[in-house]
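Chemist: Residue numbers 23 to 184, in the working numbering, belong to the letters of the sequence shown in order.
Okay, here's the structure, questions in a sec.
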Amino acid sequence: MVTLRALVSEDAEALTRVYSGASVRYTTGQTLSLDQAHGKVREALARAAETPRAQWSWSIVREDDVIGLISVRRRSLSMGTVSYILRDDTWGHGYATEATQQVVAFAFANAGLSRLEAMHHPSNPASGRVLNKAGFTHTGTYDYTAPNGSVTKYPAYALQRT
Numbered sequence: 023m024v025t026l027r028a029l030v031s032e033d034a035e036a037l038t039r040v041y042s043g044a045s046v047r048y049t050t051g052q053t054l055s056l057d058q059a060h061g062k063v064r065e066a067l068a069r070a071a072e073t074p075r076a077q078w079s080w081s082i083v084r085e086d087d088v089i090g091l092i093s094v095r096r097r098s099l100s101m102g103t104v105s106y107i108l109r110d111d112t113w114g115h116g117y118a119t120e121a122t123q124q125v126v127a128f129a130f131a132n133a134g135l136s137r138l139e140a141m142h143h144p145s146n147p148a149s150g151r152v153l154n155k156a157g158f159t160h161t162g163t164y165d166y167t168a169p170n171g172s173v174t175k176y177p178a179y180a181l182q183r184t
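Now the structure itself:
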């Protein structure tokens, strides 16, 4: 079982472990330095103080151990996007699915969102299974243009509040 809690400055060191190894293979490909992790936490705390709120970020915690990060970003009045990353040594235990289900419930009940969208790297089908288990439906692909100009088709998903 995992719990979600607001990020705190003490999470920075744990985030360097989350954003490393195989976990970053499907994101930037770069590990997160401690300074960058502190910056990520500071940014999340600043966004938490904004009105209206445009982003919510939580540490994914299992047995007092930060194993990941999950966020919802408001993209319009009624639509948001979900993103998550887990430390690679915690993959395959349902933690991402459980965290995503908790975030979906929050987004629909507390953030006033009626639609959520997400996508995943095409080489990471396990993330697609997480989204399906959390109730998302595959809707097509999104053309992601990398800084070097290459285009990759990312599987895209959506979930509508019923």
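The C-beta atom is built at its ideal place from N, Cα and C for all residues, glycine as well.
Taking the beta strand (DSSP E) that VAL192 belongs to, which residues open and close that run?
Modeler: The chain is shown only over 23 to 184; residue 192 falls outside these bounds and no answer can be derived.
Chemist: Would you be able to state if there are at least three C-beta pairs under 8 Å between the segment 50-65 and the segment 152-161?
Modeler: Result no; under three Cβ-Cβ pairs closer than 8 Å.
Chemist: Run through DSSP, which three-state label would ARG41 get?
Modeler: For the purposes of this step, residue 41 is taken as the residue at position 19 of the sequence shown. The sequence shown places Tyr at residue 41, rather than the Arg named in the question. Three-state DSSP puts TYR41 in coil, outside helix and strand.
Chemist: For the candidate residues LEU26, THR50 and ILE89, whose alpha-carbon lies nearest to that of GLU35?
Modeler: To locate residue 35, count along the sequence shown from 1; it is residue 13. Of the candidates LEU26, THR50 and ILE89, the one whose C-alpha sits nearest the C-alpha of GLU35 is ILE89.
Chemist: Considering only DSSP beta bridges, list what SER79 is partnered with.
Modeler: As a working note, residue 79 is residue 57 in the sequence shown. SER79 is bridged to SER93.
Chemist: What does GLU139 pair with, by DSSP beta-bridge criteria?
Modeler: As a first step, residue 139 must be located in the sequence shown, where it is residue number 117. THR103 and ALA180.
Chemist: Give the range of the alpha helix (DSSP H) segment to which ASP6 is assigned.
Modeler: For the chain, the structure presents residues 23 to 184; residue 6 sits outside this window and is missing.
Chemist: Look at the alpha carbon of SER43 and the alpha carbon of ARG137, and state the distance between them as a whole number of angstroms.
Modeler: For this step, residue 43 is matched to residue 21 along the sequence shown. For this step, residue 137 is matched to residue 115 along the sequence shown. Per the sequence presented here, residue 43 reads as Gly, with Ser not at that position. Cα to Cα, GLY43 sits roughly 32 Å from ARG137.
Chemist: Could you spell out the range, first to last residue, of the beta strand (DSSP E) harbouring LEU26?
Modeler: The residue given as residue 26 occupies position 4 in the sequence shown. Looking at the DSSP string, the run of the beta strand (DSSP E) that includes LEU26 is 25-28.
Chemist: Look up GLY150 in the DSSP assignment and say whether it is helix, strand or coil.
Modeler: For the purposes of this step, residue 150 is identified with residue 128 of the sequence shown, where counting begins at 1. In this structure, GLY150 counts as helix in the three-state DSSP scheme.
Chemist: Kindly list the residues whose CB is nearer than 8 Å to the CB of VAL126, restricted to its own chain and excluding five residues on each side of it in sequence; keep chain order.
Modeler: Position 104 of the sequence shown, counting from 1, holds the residue named residue 126. For VAL126, where only same-chain residues beyond five positions count, the Cβ hits under 8 Å are VAL104, LEU138, ALA156, GLY157 and LEU181.
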